[in-house]
Amino acid sequence: MTEELTQIGRLLSNTLSPDATAVRTATDALDRLSLTPHFPFYLLSISTSRGGNQGQRIAAATYLKNLTRRNVDINGVAPSNVSKEFKEQLMQALLQVDLSVLKILVEVFRSIAVADFVKQNLWPELVPNLQSAIQNSHLISDSNTKWNTLNALLILHALLRPFQYFLNPKVAKEPVPPQLELIAKEILVPLLAVFHQFVEKALATHGRAEKETEKVLLTICKCLHFAVSIDLTYVKSYMPLTLAPLLPSFCWDLMNILGSLSFDCVVNQEDEYLTRLKTGKRSLLIFSALVTRHRKHSDKLMPEIINCVLNIVKFSKNTSKLSFLSERLLSLGFDVISNVLETGPGWRLVSPHFTTLLESAIFPALVMNEKDMSEWEEDPDEYIRKNLPSDIDEISGWREDLFTARKSAVNLLGVISMSKGPRMEIVTDNLSASSKRKKGQKNKRGNERRSMGELLVLPFLSKFPIPSDSNVSQKKILNDYFGVLMAYGGLQDFLREQEPEFVTTLVRTRILPLYTVAVSLPYLVASANWVLGELGSCLPEEMSTDVYSKLLIALVMPDRRDPSCYPVRVSAAGAITTLLDNDYMPPDFLPLLQVIVGNIGNDGIESESESSILFQLLSSIMEAGDEKVAVHIPHIVSSVAGPVSKWLTANLEPWPQVVERAIAALAVMGQTWEESRPEESESDESREKWAVGHVAIARAFAALLQQAWFTPLCTLDREDQHSPPSSCLEDLSTLLQSVLLSIDGNHMIQELKVSELLSVWAEMIAEWHSWEESEDLSIFEVIKEIVNLDRRYRLKNFIVKEMPPPPAPPVPDRSIVEGIGAFISEAIKQYPSATYRACSCVHILLHCPTYSPETEGVKQSLAIAFTRAAFSRFIEVQSTPGSLWKPLLLAISSCYVCYPDIVEGILEKDEHGGMTIWASALCHVSNSSFEPGLTEEAEMKLIVMTLARLVEQLLKQGKSGDNEIQKCFTSLLEVSVRLEEAHDGKEDEEGSDDAENDDEDEDEDSDNDDYDEDSETEEYEETEDEFLNRYAKAAEALENGSPIEEGDVEDQELELELGQLIDIDEQKVLLSLIDKYHHVLIRGLVLPSELVMNFLNAFPAYGSYFQQYR
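In my numbering, the protein residues as written are 92 to 1201.
Right, dumping it as structure tokens:
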């Protein structure tokens, strides 16, 4: 054993070597040793050894963690098969190792615990052993034991964590797991008594915090927070039964901890007091969980909780001096009050404190302070994210530092403003002054309850004078009014319920006047911008001119020496975006567009970042304005192309944000222009003017594409050439589509270098593997347009690429269609959301281009690649018939129609009995009962041609009496009948359209009104039970290996483009087959009589072949 330990220790040390070869060799050796049964024990021994070096211990623990993750199924399908002996040794190790190793080994424990205890409940010794370990650990038992209390609590924390979310998503109404009740009864309940003792010990130190004690308190709070925050599909507010009676004493301990915190000092990050603050933060999270989830148990505790939290939030006046963690506690304090106020007894508990809360806690958190001013100058983007958030900001992930005391105070103010007391005119003495009316004024509302926004909040805010030229030098007035603006931004729900005149008066008297002294008040103007954006859903239409004119002033506000006006301009752009998202449109888009275009690319410190924001705003305007802005697009494109070209740097991957947003804006403009295409019924002049604009846009787009794609290639030696950067591929494809749609002759193909652009683009998508990050559906639209263009003008390098000039080897690169084919094959295999669109492109690429005898090999190679991709994907989804079956089977059908022998060989080679599997599935899809079935004539036509070819192939192979040929011929007849009915139905529909048009026109207005009303009332909303049942079925299907089908419903309705196949008369194909093989097909097979009668009704000419059925 000593030799093995020494060998493994040496190999682990080698994995830390800077020599890559040594690391690889050591890893391979460890992988071989990992197959031996004692290897995990050796790793555990090394990770807990006292004599080894720290790096070796961590390497051993890390390898053990990765080995466990490879071998243990944490989904609970099967137990871990880890021996009882190893579990016992692992528990002993966890209780003794130092914290750096413990953090790794606890992941080993969690994987095994999830598989054996949480999912399977097969570790009966775990809870008793852990309970004993905690009770006998060194801080609790006061004995000289090796078991570390903090280690034991961290094990408990790891054990509770998996219970926080759904344990069995396959069950629609999940019961409470008995393991959780066992943990609560045996461990958590005794632990609360211990917790009380530790709280007393910590508070008795009179300001001195002991490191171990504080960490124990924090870890116990984390465990209890998990216990009261568990989500089950059936029990939304689960509380362990044995824990509920002890909540009052536990909450008192939490309140004592919170009462010991100080909010008037700066905390050192290394100070043990920092851990106390973290415990306080967890305490407030527990209070929120109790109030929102466990009203039955928390109602009696709410008065004490409110008093405790009020003593915290009153320190909001010190926000500028507090550390981040201390401010986060203030934020959580405001959140707790908001949660309480939204409960039944909330009004009774909080309303007596409204005035004090507003004056002494909420408003002090809103006013501007020194920290805001320094952040404005030093990190304006962070200032904007914290104080002026909008949709124009891109914040990825959950960032706790953005949940400031100010944001929570604003949210609480909004909740207070919407709250309403009992049905009486005067609620409290504090509110009496604000509720008085002039003598003789009629109370129009009668006994209607009035909100606190009307009675308290707005009267309080109105006390603060609006800054003007006369008082602009008074700092307190400016800082206070900053808080007033923040408050207004949180009142949108309240203001939405008010009359339009009320909102108009508020905006005209309290917000818009700030713009008259804007140069002196950049902090306030930025906040005013944000407020206007936030109030977009309740601004009256008649204020549109005033609002947008003020925002335009802010959008171009120039910088002064001090302070910078960058946040003013950014917040103005964000406000305009928010207004547009709320369908609050400017009276005229032209002034706004002129300002944006005029400022893109201007020199300045923030030039690129500001231009990036302006491009994003430009995209929003295009999407909102639609036909109102389309007329300006050619001029805008030509104006911004220059700055974009300047930023478009060769060989820079990824591109700067300004370039990405610029390309995205140009793509939106291209789409908007295409959607504004005049109808055929419009005048020649308007259509000609549109075409001229289209060509101008295409020239600008082509120039940018050439710079983006050609320049990287030109800057490299031919041997080192590779595809240009794939940044913005979706948006660049949209630009390319605009270029293709503008082509009206070969001269434009040469002028815009279309063939060269397509060659590079096809090579890019062939080597592109980033679909998971962005679903680039525009690529498929470009593919269709390329094929259409080739049919009209015969594009160079489309089917076969020309030989490169010497001295390069005489081996051509991929042609355009080969590059596209590589992408389509990969899309079918790898990207479920692209299956429909990718399979639709299979038909286009095989049947629409004109292949000559010399290029037939290209078509054949495409059919081979498509067959392999579609069939391998079909085998993956074969077990569960679903919507992906049809596109995959039709894709294989298109290949089979072209090359039956080759496709048959591929199917048989890739899967035993593959031909039979495909044929049987094709018959299944052809059945009228299959969902989603064959709905388009092109689908039925392809099925008829495929089945006819398949039946003939089977007959040639001598399988005349085979069950397979019976199914195929039966399906062929059934689909032929449905196709003929579809033909007849289409003719009848076309004949009746003209007769109905007049009646429809007369009743159009009233019908539309009725439809709008009906559509609103008939809109169906899924119930919670239906959602849970659907969720459970999807989880079960996923576990059984059936993939979740992705893609839009629109994708399922894509019409097949069969190209040259559309000219083939499927009736002649069917007649030829029956005429040639009727003695086998009709006389030798037993066909359903009903099917034969339906077939003869549809095709009377075939009656002579079916005499035996008459």
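For each residue, glycine too, the CB sits at the ideal point set by N, CA and C.
Discussion item. Judging by CA-CA distance, which residue of Ser411, Glu418, Met330 is the nearest neighbour of isoleucine 377?
Written reply: In the sequence shown, the residue the question calls residue 377 occupies position 286. The candidate whose alpha carbon is nearest that of isoleucine 377 is Met330.
Discussion item. Checking the sheet assignment: what are the DSSP bridge partners for serine 542?
Written reply: On the sequence shown, residue 542 is found 451 positions in, with the first residue counted as 1. Per DSSP, Lys511.
Worksheet item: Within 10 angstroms of its Cβ, does glutamine 707 collect 16 or more other Cβ (buried), or is it exposed?
Response: Here residue 707 refers to the residue found at position 616 when the sequence shown is read from its first residue. It counts as buried.
Item to complete: Count the C-beta pairs between the region 846–859 and the region 771–787 that are closer than 8 Å, then say yes if the count reaches three, no if not.
Response: no
Worksheet entry | Whether asparagine 239 touches glutamine 187 by CB criterion (9 Å) | Within the sequence shown, numbered from 1, the residue matching residue 239 stands at position 148. Within the sequence shown, numbered from 1, the residue matching residue 187 stands at position 96. Contact: yes.
Worksheet item: Does the beta-carbon of lysine 398 have 16 or more other beta-carbons within 10 angstroms, so that it is buried, or is it exposed?
Response: As a position in the sequence shown, residue 398 is number 307, starting the count at 1. First, the residue type needs correcting, since residue 398 is asparagine and not lysine in the sequence shown. Exposed: under 16 other Cβ atoms inside 10 Å.
Worksheet entry | Cβ-Cβ separation, leucine 605 to leucine 615 (assumed contact under 8 Å), whole Å | Position 524 of the sequence shown, counted from the start, is the residue given in the question as residue 615. Position 514 of the sequence shown, counted from the start, is the residue given in the question as residue 605. Confirmed, Cβ separation roughly 5 Å.
Practice prompt. Quick one: grab the DSSP three-state call for valine 441.
Written response: Along the sequence shown, one-based indexing puts residue 441 at 350. Of the three classes helix, strand and coil, the one that applies to valine 441 here is helix, per DSSP.
Fill in: CA nearest to the CA of leucine 681, picked from Ala664, Lys719, Val659, Leu671
Along the sequence shown, one-based indexing puts residue 681 at 590. Leucine 681 has its Cα closest to that of Lys719, out of Ala664, Lys719, Val659, Leu671.
Worksheet item: The alpha helix (DSSP H) with arginine 373 in it runs from where to where?
Response: By 1-based counting over the sequence shown, the position of residue 373 is 282. Per DSSP, arginine 373 belongs to the alpha helix (DSSP H) from 364–384.
Fill in: Three-state secondary structure (DSSP) of cysteine 312
The residue given as residue 312 occupies position 221 in the sequence shown. Three-state result, cysteine 312: helix.
Worksheet item: Are isoleucine 983 and threonine 958 touching if we call contact CB-CB under 9 Å?
Response: As a position in the sequence shown, residue 983 is number 892, starting the count at 1. As a position in the sequence shown, residue 958 is number 867, starting the count at 1. Yes, the pair counts as a contact, with Cβ atoms nearer than the cut-off.
Discussion item. Please return the same chain residues whose Cβ sits closer than 6 Å to the Cβ of methionine 543, not counting the five positions on each side in sequence.
Written reply: For the purposes of this step, residue 543 is taken as residue 452 along the sequence shown, with counting starting at 1. Hits under 6 Å: Ile507, Ser508, Ser510.
Worksheet item: Distance, Cα to Cα, valine 307 vs lysine 292?
Response: In the sequence shown, residue 307 corresponds to position 216, counting from 1. In the sequence shown, residue 292 corresponds to position 201, counting from 1. Between valine 307 and lysine 292, the C-alpha separation is close to 12 Å.
Worksheet item: Just curious, the alpha helix (DSSP H) that phenylalanine 962 is in, first and last residue?
Response: Numbered from 1 along the sequence shown, position 871 holds the residue referred to as residue 962. Segment 947–968, the alpha helix (DSSP H) holding phenylalanine 962.
Worksheet item: Between the region 466–484 and the region 411–429, do three or more beta carbon pairs fall short of 8 Å?
Response: no
Worksheet item: Taking DSSP as the reference, what is the three-state secondary structure of glutamate 858?
Response: Taking the first residue of the sequence shown as position 1, residue 858 is located at position 767. Three-state result, glutamate 858: coil.
Item to complete: Answer with buried or exposed for glutamine 828, where buried requires no fewer than 16 other C-beta atoms within 10 angstroms of its C-beta.
Response: Within the sequence shown, the letter at position 737 stands for residue 828. Buried, because 16 or more other Cβ atoms sit within 10 Å of the Cβ of glutamine 828.
Fill in: the region 391–405 / the region 347–354 touching (three or more Cβ pairs under 8 Å)
yes
Discussion item. At the level of alpha carbons, what is the spacing between tryptophan 489 and serine 481?
Written reply: Position 398 of the sequence shown, counting from 1, holds the residue named residue 489. Position 390 of the sequence shown, counting from 1, holds the residue named residue 481. At tryptophan 489, the pLDDT of 39 sits below 50, so the modelled position is not reliable; the number obtained from the coordinates is stated separately. For tryptophan 489 and serine 481, the distance between alpha carbons rounds to 16 Å.
Discussion item. Please list the terminal residues of the continuous alpha helix (DSSP H) segment that includes arginine 201.
Written reply: Within the sequence shown, numbered from 1, the residue matching residue 201 stands at position 110. 190–204 is the extent of the alpha helix (DSSP H) around arginine 201.
Worksheet item: Which same chain residues, not among the five before or five after leucine 107, have their C-beta less than 7 Å away from its C-beta?
Response: Residue numbering aside, residue 107 sits at position 16 when the sequence shown is read from its first letter. Cβ within range, chain order: Gly146, Ala150.
Worksheet entry | Simplified DSSP state of tyrosine 579, which is helix, strand or coil | The count along the sequence shown starts at 1 and reaches residue 579 at position 488. Of the three classes helix, strand and coil, the one that applies to tyrosine 579 here is helix, per DSSP.
Worksheet item: Got a sec? Which residues, its chain only, sit under 7 Å from valine 218 by beta carbon, not counting five neighbours each side?
Response: Position 127 of the sequence shown, counting from 1, holds the residue named residue 218. The answer, listed in chain order, is Leu273, Ile274, Glu277, Ile278.
Worksheet item: Counting along the chain, where does the alpha helix (DSSP H) carrying tyrosine 1168 start and finish?
Response: Position 1077 of the sequence shown, counted from the start, is the residue given in the question as residue 1168. Its alpha helix (DSSP H) spans residues 1157–1172.
Worksheet entry | Candidates Val731, Asn478, Ile557, Asn502: closest to asparagine 620 by CA position | For the purposes of this step, residue 620 is taken as the residue at position 529 of the sequence shown. Cα-wise, what sits closest to asparagine 620 is Asn478.
Discussion item. Which runs of the beta strand (DSSP E) at least 3 residues long sit entirely within the region 599–647? Give them in chain order.
Written reply: none
Worksheet item: Between the region 213–231 and the region 243–251, do at least 3 Cβ pairs fall closer than 8 Å?
Response: yes
Item to complete: Report yes or no: do the region 914–929 and the region 851–862 share at least 3 C-beta pairs separated by less than 8 Å?
Response: yes
Worksheet item: What is the rounded straight-line gap between the Cα of phenylalanine 208 and the Cα of aspartate 164?
Response: Taking the first residue of the sequence shown as 1, we reach residue 208 at position 117. Taking the first residue of the sequence shown as 1, we reach residue 164 at position 73. Rounded to whole angstroms, phenylalanine 208 to aspartate 164 spans 12 Å at the Cα level.
Worksheet item: Can you give the beta carbon distance from leucine 1147 to alanine 1012, rounded, assuming they're within the 8 Å contact cut?
Response: Walking along the sequence shown from the start, residue 1147 turns up at place 1056. Walking along the sequence shown from the start, residue 1012 turns up at place 921. Wrong, their Cβ atoms sit about 18 Å apart, outside the cutoff.
Worksheet item: Which residues in the same chain have their Cβ closer than 6 Å to the Cβ of threonine 333, if we skip the five residues on either side of it in sequence?
Response: The sequence position of residue 333 within the sequence shown is 242, counting from 1. The answer, listed in chain order, is Ala275, Lys276, Val280.
Worksheet entry | Rounded Cβ spacing between alanine 152 and isoleucine 203 (contact assumed at less than 8 Å) | Within the sequence shown, the letter at position 61 stands for residue 152. Within the sequence shown, the letter at position 112 stands for residue 203. Actually they do not touch by this definition, with Cβ atoms about 14 Å apart.
Practice prompt. Determine the DSSP secondary structure at glutamine 145, reduced to helix, strand or coil.
Written response: For this step, residue 145 is matched to residue 54 along the sequence shown. Glutamine 145 falls in the helix class under three-state DSSP.
Worksheet item: Which two residues bound the contiguous alpha helix (DSSP H) that contains glutamate 771?
Response: Within the sequence shown, numbered from 1, the residue matching residue 771 stands at position 680. Careful: glutamate 771 lies outside any alpha helix (DSSP H) and carries neither H nor E.
Worksheet item: Hey, how far is the Cα of alanine 524 from the Cα of leucine 549?
Response: Along the sequence shown, read from residue 1 onward, the residue named residue 524 stands at position 433. Along the sequence shown, read from residue 1 onward, the residue named residue 549 stands at position 458. Annotation note: pLDDT 42 at alanine 524 (below 50); position unreliable, coordinate value reported separately. Cα to Cα, the separation comes out at about 13 Å.
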